[in-house]
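Below is one structure, written out as structure tokens, with a few remarks after it.
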Amino acid sequence: MSYFNFFSKKIFSFYFLGFFIILHISSNTAFAQKKDIATSKTNQISYFEGSFDQLQEEGKKKNKPYFVFIHSNKNKFDSVTFTNKYVQTYIKKRYLVQKLQAPSLYADYVVKQYEVKSFPQILIFTPQGKLVDRITSYLSPKRMIARLKLQENKTGSSKDRISDFERAANPELSLKLQTEGQIQEVYHFSVRPYGVEEKTIGIQLGVFENYQNLVNNVSELEVHWHDNILVTFVEVDGKMFYRLLLGPFYTYQHAEVYNKNLKEKLGLRGILVDLENFSPITEENKDKYLMENIETPVESENPNKR
Numbered sequence: 600m601s602y603f604n605f606f607s608k609k610i611f612s613f614y615f616l617g618f619f620i621i622l623h624i625s626s627n628t629a630f631a632q633k634k635d636i637a638t639s640k641t642n643q644i645s646y647f648e649g650s651f652d653q654l655q656e657e658g659k660k661k662n663k664p665y666f667v668f669i670h671s672n673k674n675k676f677d678s679v680t681f682t683n684k685y686v687q688t689y690i691k692k693r694y695l696v697q698k699l700q701a702p703s704l705y706a707d708y709v710v711k712q713y714e715v716k717s718f719p720q721i722l723i724f725t726p727q728g729k730l731v732d733r734i735t736s737y738l739s740p741k742r743m744i745a746r747l748k749l750q751e752n753k754t755g756s757s758k759d760r761i762s763d764f765e766r767a768a769n770p771e772l773s774l775k776l777q778t779e780g781q782i783q784e785v786y787h788f789s790v791r792p793y794g795v796e797e798k799t800i801g802i803q804l805g806v807f808e809n810y811q812n813l814v815n816n817v818s819e820l821e822v823h824w825h826d827n828i829l830v831t832f833v834e835v836d837g838k839m840f841y842r843l844l845l846g847p848f849y850t851y852q853h854a855e856v857y858n859k860n861l862k863e864k865l866g867l868r869g870i871l872v873d874l875e876n877f878s879p880i881t882e883e884n885k886d887k888y889l890m891e892n893i894e895t896p897v898e899s900e901n902p903n904k905r
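The working numbering applies: residue 600 is where the sequence shown begins, and numbers increase by one.
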């Protein structure tokens, strides 16, 4: 065998081996991409197809809570929150979901029945059909999961709300208040539950025994443009107390700056507390709340944004 023939065979062998390796890598990459696409499609939210009445029946039948997502144009729920794989996985396991485009025949029925004033809006229901929460502003993936978790185990029929109001109407007491009582003030009142996330911070401004004092202080805060007011109810020995806070804050640094501004501008002295257990945040335990030490399970969410 000549040196030239031997060298040619070696080159051919190297080319063949290289081609085989490239082919193998390409096929594995293509397989991985197909697998990712398949996983993505598997995790996508399956929106309920049918009328709202049929959704209610399905919720009862499967004993599963459900929510209705009503939108009118492009929104961040579609582009960010509902494309997040953690949100998709959670919703698929826990909720039935209906998506309605407004205006439309199906959407108009729900909009009128539940007095939907803005879009996008999310209405959350128990399996028995009771409206338990209304989301009227954008929620990040992490906050969306927290909000849904807060409602997932609630029960109750839509008829419960009517019977509650019938019992609370109490015409005899109403007449007594009208003839013997003195009206102090009329307030615009809005209350909705808030899903507390891990390592979130609140600035506690006070604990009140008297409900009127609580309302007065909330009113004073709103006058100064605070729209992040939180209230918790705490029962001790059969007596109700009210904790007034501002929040939530997602880092110690943010909460500390906000608290200093409260003191300088309004003379308010607040204390930083963990919103999960309301334990004080001090110099000794503040490290886990620092921006650099906070982790989030949601890839597309920055926990330091309010």
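No residue lacks a Cβ here, since even glycine has one placed at the ideal position from N, Cα and C.
Grab me the residues of residue i's own chain with a C-beta within less than 7 Å of its C-beta, minus the 5 sequence neighbours each way, in chain order.
i: Pro-896; result: Confidence in Pro-896 is poor, its pLDDT being 44 and thus under 50, which makes the residue's placement too unreliable to answer from.
i: Tyr-810; result: Tyr-841
i: Tyr-705; result: Ser-650, Phe-651, Leu-699
i: Tyr-646; result: Val-696, Gln-697, Lys-698
i: Gly-837; result: none
Within this structure, are the beta carbons of residue i and residue j separated by less than 8 Å?
i: Ile-800; j: Ala-854; result: yes
i: Val-795; j: Leu-747; result: no
i: Val-814; j: Tyr-793; result: no
i: Thr-906; j: Lys-753; result: Any question about residue 906 goes unanswered here, given that the chain covers just 600 to 905.
i: Ile-644; j: Gln-700; result: no
i: Gly-658; j: Gly-755; result: no
Measure from the alpha carbon of residue i to the alpha carbon of each residue in the options, then state which is nearest.
i: Phe-668; options: Lys-698, Glu-808, Val-731; result: Lys-698
i: Asn-876; options: Lys-798, Leu-843, Tyr-888; result: Lys-798
i: Thr-682; options: Glu-882, Pro-740, Leu-704; result: Pro-740
i: Asn-812; options: Lys-838, Leu-843, Leu-730; result: Leu-843
i: Gly-888; options: Glu-863, Lys-859, Thr-850, Lys-862; result: It is Tyr, not Gly, that sits at residue 888 in the sequence shown. The shortest C-alpha separation from Tyr-888 is found at Thr-850.
i: Arg-935; options: Leu-749, Ser-818, Pro-879; result: Any question about residue 935 goes unanswered here, given that the chain covers just 600 to 905.
i: Gly-846; options: Asp-836, Ser-773, Glu-714, Asp-826; result: Asp-826
i: Leu-861; options: Val-830, Trp-824, Gln-781, Gln-783; result: Trp-824
i: Leu-788; options: Ser-757, Glu-771, Lys-775, Val-817; result: First, the amino acid is wrong: residue 788 is Phe here, not Leu. The shortest C-alpha separation from Phe-788 is found at Val-817.
i: Met-743; options: Leu-704, Tyr-689, Leu-820; result: Tyr-689
i: Ser-757; options: Thr-778, Glu-784, Tyr-713; result: Tyr-713
i: Val-569; options: Tyr-646, Asp-759, Leu-820; result: Residue numbering for the chain in the displayed model covers 600 to 905; residue 569 lies beyond these limits and cannot be assessed.
i: Asn-858; options: Ile-880, Glu-771, Gln-777; result: Ile-880
Can you name, in chain order, every residue of its own chain whose Cβ lies under 8 Å from the Cβ of residue i, other than the five neighbours on each side?
i: Phe-840; result: Val-806, Phe-807, Glu-808, Phe-832, Val-833, Glu-834
i: Glu-751; result: Pro-664, Arg-693, Tyr-694
i: Lys-661; result: Leu-695, Pro-726
i: Ser-717; result: Thr-735
i: Ser-678; result: none
i: Asp-886; result: Asn-892
i: Thr-680; result: Val-686, Tyr-737, Leu-738, Ser-739, Pro-740, Met-743
Give the C-beta separation of residue i and residue j to the nearest angstrom, bearing in mind that I take them to be a contact with Cβ-Cβ under 8 Å.
i: Tyr-708; j: Phe-651; result: 6 Å
i: Leu-804; j: Gly-869; result: 5 Å
i: Val-710; j: Ile-723; result: Not really, about 16 Å apart at Cβ, beyond 8 Å.
i: Leu-871; j: Ile-828; result: Wrong, their Cβ atoms sit about 16 Å apart, outside the cutoff.
I'd like the list of long-range same chain contacts for residue i, defined as Cβ closer than 6 Å, with 5 residues on each side in sequence excluded.
i: Tyr-737; result: Lys-675
i: Pro-719; result: His-670, Asn-674, Phe-676
i: Ile-721; result: Phe-666, Phe-668, Ile-734
i: Gln-852; result: Met-890
i: Phe-630; result: Because the pLDDT at Phe-630 is just 47, under 50, the model does not fix this residue reliably, and the value given afterwards should be weighed accordingly. Closer than 6 Å at Cβ, skipping near neighbours: no residue.
i: Phe-848; result: Ile-800, Ala-854
i: Arg-905; result: In this predicted model, Arg-905 has a pLDDT of only 39, less than 50, meaning its place in the structure is not dependable; the value taken from the coordinates is given anyway. Contacts found: none.
So is residue i in contact with chain D if we call contact Cβ pairs under 8 Å?
i: Gln-712; result: Considering every chain present, this structure includes no chain D. It has just one protein chain.
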